[in-house]
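Each remark here refers to the structure printed beneath this line.
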Ligand code: GDP
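Numbering (the UniProt record's numbering), first residue to last: 1 to 364.
Written out as structure tokens, the structure reads:
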């Protein structure tokens with residue numbers, strides 16, 4: 001899964017991105033490959049893997065990972081293709097979801113490109129660039145649908161629907177806020193619009209505001225209101241705190257967070273929210289060689305889940321032997337779980353659950 005970090009200059013993107021890269025580097029015993037400088041990879045925190053590792057003492061411990069792409073430089077005028085504008089838009093096109101960092105902290109020493117802290121205006125500035133780009137894309141698709149409709153009337157509905165979406169965009173509303181039927185949603189996702197990507201607004205607060213009562217914070221309230229109108233998520237965060245804790249050892253970090261009255265880091269909350277937003281779950285594989293988490297979309301069936309490990313597993317899928325994580329841990333071992341009849345044999349139609357511990361059987 002790939003998340004793109006966007007936002008105006010001086011809102012805290014690099015601070016957050018550096019915290020992410022640091023956190024990734026801290027977990028360097030994972031087999032992460034080094035990629036481009038604007039990509040950071042972090043492990044998806046999953047305590048279940050630790051428990052399984054205690055059970056199996058595996059040679060390898062492999063958590064699920066999320067890639068964060070720092071898409072800096074998105075400014076007013078980007079959609080007109082000035083400078084590097086188009087490159088940023090292309091970067092956004094490639095991600096599964098967008099983390100839009102919004103400045104909610106006041107600090108006269110840190111210049112704001114538009115002179116003042118105003119989350120609503122900032123969000124609109126960025127969204128407008130994405131909307132301009134989407135409108136161009138939509139116009140081409142509407143023209144095409146209209147031409148096709150001359151031969152095949154079924155394209156009329158598509159042209160009409162996309163015209164309605166274009167009208168919403170003209171009003172400054174992102175495509176994700178348009179109410180659609182399932183058929184319409186399918187058409188919309190085939191157009192691959194930037195403003196149809198799921199979004200998490202990361203409201204970057206000062207340390208004091210972050211620790212204080214958010215219901216009193218007008219900047220945070222402004223972000224929340226926009227998110228609500230667009231079916232987006234909001235995450236209160238303090239990028240500076242993230243930067244501070246990202247280099248700490250786990251024990252030190254836990255102590256620091258509990259001193260602040262927090263149970264987990266902003267990064268962990270961001271990862272959890274992303275999972276939720278994208279409808280993702282994890283299944284697990286466990287044995288003496290490796291304990292590992294695999295990311296799938298909620299609703300994925302067993303053969304496709306097996307395909308995540310290897311395409312051969314999907315092609316030659318016979319069945320999956322599955323025990324729920326809770327049952328396995330309660331029994332203490334796979335053998336004990338089998339004796340109690342808790343290891344099920346599931347076929348091609350089985351829909352995977354979060355926390356399924358799986359062994360796939362397949363033909364090669
Ligand atoms: P970017 O241009 O969006 O990448 O912004 P930066 O991450 O470079 O941040 C710009 C400035 O804002 C830096 O001096 C940061 O230290 C500062 N900054 C970032 N996050 C926070 C925050 O949560 N609170 C405060 N007070 N300052 C922050």
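Note that beta-carbon positions come from the ideal geometry of N, C-alpha and C, so glycine has one too.
Subject >> Backbone CA spacing between residue 182 and residue 189 [nearest angstrom] >> reply: 11 Å
**OP:** With a threshold of 7 Å, establish whether the CB of residue 131 neighbours any heavy atom of the ligand GDP.
**Re:** no
**OP:** May I ask whether a heavy atom of the ligand GDP can be found less than 7 Å away from the beta carbon of residue 72?
**Re:** yes
**OP:** Kindly give me the distance between the Cβ atoms of residue 205 and residue 180, rounded to whole angstroms, as I take these residues to be in contact under 8 Å.
**Re:** With a Cβ gap of about 33 Å, residue 205 and residue 180 do not count as contacting.
**OP:** Determine the burial state of residue 387: buried for a count of at least 16 other Cβ atoms within 10 Å of its Cβ, exposed for fewer.
**Re:** Nothing about residue 387 can be read from this structure; the chain reaches only from 1 to 364.
Original post:
How would you call residue 230, buried or exposed, if buried means at least 16 neighbouring beta carbons within 10 angstroms?
Top reply: Around the beta carbon of residue 230, a 10 Å sphere encloses 16 or more other beta carbons of the protein chains shown; the residue is thus reported as buried.
Original post:
From residue 340 to residue 356, what distance separates their C-alpha atoms?
Top reply: 17 Å
Subject >> residue 181 - DSSP class collapsed to helix/strand/coil >> reply: coil
**OP:** Please state if the CB of residue 101 and the CB of residue 12 are separated by a distance shorter than 8 Å.
**Re:** yes
Original post:
Does DSSP put residue 404 in a helix, in a strand, or in coil?
Top reply: There is simply no residue 404 to check, as the chain begins at 1 and stops at 364 in what is shown.
Subject >> Integer Cβ distance of residue 107 from residue 70, believed to fall under 8 Å >> reply: Not a contact, Cβ separation roughly 21 Å.
**OP:** Using alpha carbons as the reference points, say which of 22, 134, 65 lies closest to residue 378.
**Re:** Nothing about residue 378 can be read from this structure; the chain reaches only from 1 to 364.
Original post:
Per the contact definition of three or more C-beta pairs closer than 8 Å, is the stretch 193 to 204 in contact with the stretch 215 to 232?
Top reply: yes
Original post:
With respect to the alpha helix (DSSP H) encompassing residue 227, which residues constitute its N-terminal and C-terminal limits?
Top reply: 218 to 229
Subject >> Sequence-distant residues of its chain with Cβ nearer than 7 Å to residue 36 (five each side left out) >> reply: Apart from the 5 residues on each side of it in sequence, residue 36 has no Cβ closer than 7 Å to any other Cβ in its chain.
Original post:
residue 194: beta carbon under 7 Å from a heavy atom of the ligand GDP?
Top reply: no
Original post:
Closest by CA to residue 163, which one among 146, 177, 248, 127?
Top reply: 146
Subject >> 7 Å CB neighbourhood of residue 332 in its chain, flanking five on each side removed >> reply: The beta carbon of residue 332 sits closer than 7 Å to no other beta carbon from its chain once the five residues preceding and following it are set aside.
Original post:
With DSSP run on the structure shown, which of helix, strand or coil describes residue 136?
Top reply: helix
Subject >> Between the CA atoms of residue 264 and residue 255 - distance to the nearest angstrom >> reply: Cα-Cα distance, rounded: 10 Å.
Subject >> Stretch-stretch touch, CB-based, cutoff 8 Å, three pairs: the stretch 295 to 309 with the stretch 344 to 354 >> reply: yes
Subject >> Inter-residue CB distance, residue 194 and residue 92 (contact presumed, cutoff 8 Å) >> reply: 5 Å
Original post:
Out of 278, 158, 16, 320, which has the shortest C-alpha to C-alpha gap to residue 241?
Top reply: 16
Subject >> Sufficient close CB pairs (3 or more, under 8 Å) joining the stretch 219 to 230 to the stretch 151 to 171 >> reply: When C-beta atoms of the stretch 219 to 230 are compared with those of the stretch 151 to 171, fewer than three pairs fall below 8 Å, so the two segments do not count as touching.
Original post:
Pick from 246, 269, 124: whose alpha carbon is nearest that of residue 77?
Top reply: 124
Subject >> 6 Å CB neighbourhood of residue 127 in its chain, flanking five on each side removed >> reply: Excluding sequence neighbours, residue 127 sits near 174.
Subject >> Distance between residue 214 and residue 236 (C-alpha atoms, nearest Å) >> reply: Near 9 Å, if we compare the C-alpha coordinates of residue 214 and residue 236.
Subject >> 8 Å Cβ cutoff met for residue 267 and residue 20 >> reply: yes
**OP:** Just the C-alpha distance for residue 253 and residue 43, rounded to the nearest angstrom, thanks.
**Re:** 16 Å
Original post:
In or out: residue 63 buried (at least 16 other Cβ within 10 Å) or exposed?
Top reply: Buried: at least 16 other Cβ atoms inside 10 Å.
Original post:
For residue 249, which residues from the same chain have a beta carbon less than 7 Å from its beta carbon, with the 5 sequence-adjacent residues on both sides left out?
Top reply: Same-chain partners within the cutoff: there are none.
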